[in-house]
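In our numbering, the protein residues as written are 3 to 160.
Ideal placement from N, C-alpha and C gives every residue a C-beta, glycine not left out.
Remarks on the structure that follows.
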């Protein structure tokens, strides 16, 4: 039974992964860019791959979860930009950001800006975001025993 579940799960994952690659390739072709350029433009917030894919094929308009986990560090009293991105509103506009691990015990927080105006802050931010340009930053408010603190954070959208 367990082997069947694992096998089915692996096949399902491969089908989802294949579908995402197919969408990304279609968007790259439509935009006239390479897959590497597509990734760069997507991570910078310049291009919403899911939105563009939905414009190319209505069946691709269903919400897909996009998630990544990264490490970042900041000096005491420093605020650094983690990512810039755009929300196109509609039905796929759920965003969640969290500090998963604080390595050095500093008072760290995430700050979310819309058009350079702060709209939320904390160690966990979950929101439905209307159409607009956003920036997520990490702020080190001090409190640790060193001059630099590090965190592992998660970015998730669907």
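Rounded separation between residue i and residue j - CA only
i, j, result
"residue 110", "residue 156", "14 Å"
"residue 38", "residue 27", "11 Å"
"residue 102", "residue 112", "11 Å"
"residue 84", "residue 59", "31 Å"
"residue 168", "residue 91", "In the structure as shown, the chain begins at 3 and stops at 160. Residue 168 is therefore absent and cannot be evaluated."
"residue 123", "residue 133", "19 Å"
"residue 71", "residue 154", "7 Å"
"residue 24", "residue 144", "45 Å"
"residue 36", "residue 73", "26 Å"
"residue 45", "residue 30", "14 Å"
Cβ pair residue i, residue j closer than 8 Å
i, j, result
"residue 142", "residue 69", "no"
"residue 81", "residue 139", "yes"
"residue 131", "residue 89", "yes"
Of the residues the options, the one placed nearest residue i, counting alpha carbons only
i, options, result
"residue 100", "87, 151, 129", "129"
"residue 108", "122, 75, 57, 33", "75"
"residue 136", "159, 118, 36", "118"
"residue 127", "97, 152, 134", "97"
"residue 151", "116, 123, 121, 79", "79"
"residue 22", "32, 45, 67", "67"
Own chain residues within Cβ distance below 6 Å of residue i, not counting five before or after
i, result
"residue 1", "The requested residue 1 does not occur in the structure, where the chain is confined to residues 3 to 160."
"residue 47", "86, 87, 88"
"residue 121", "114"
"residue 104", "110, 153"
"residue 116", "134, 136"
Cβ neighbours of residue i in the same chain (closer than 7 Å, five flanking residues each side left out)
i, result
"residue 161", "This structure leaves residue 161 out entirely; the chain is present only between 3 and 160."
"residue 146", "106, 107, 108"
"residue 53", "90"
Close-in-space but distant-in-sequence residues of the same chain around residue i (CB under 8 Å, 5 per side omitted)
i, result
"residue 10", "Because the pLDDT of residue 10 is 39, which lies under 50, any placement of that residue in the model is unreliable, and the number read from its coordinates should be weighed accordingly. The answer is none, since no qualifying residue turns up."
"residue 16", "Its pLDDT being 43, under 50, residue 16 is placed unreliably in this model, and the coordinates cannot settle the point."
"residue 149", "77, 78"
"residue 32", "54, 58"
Near the ligand NAP: residue i beta-carbon under 7 Å from a heavy atom
i, result
"residue 83", "For the structure depicted, the ligand NAP is absent and the ligand set is empty, with no information on it obtainable."
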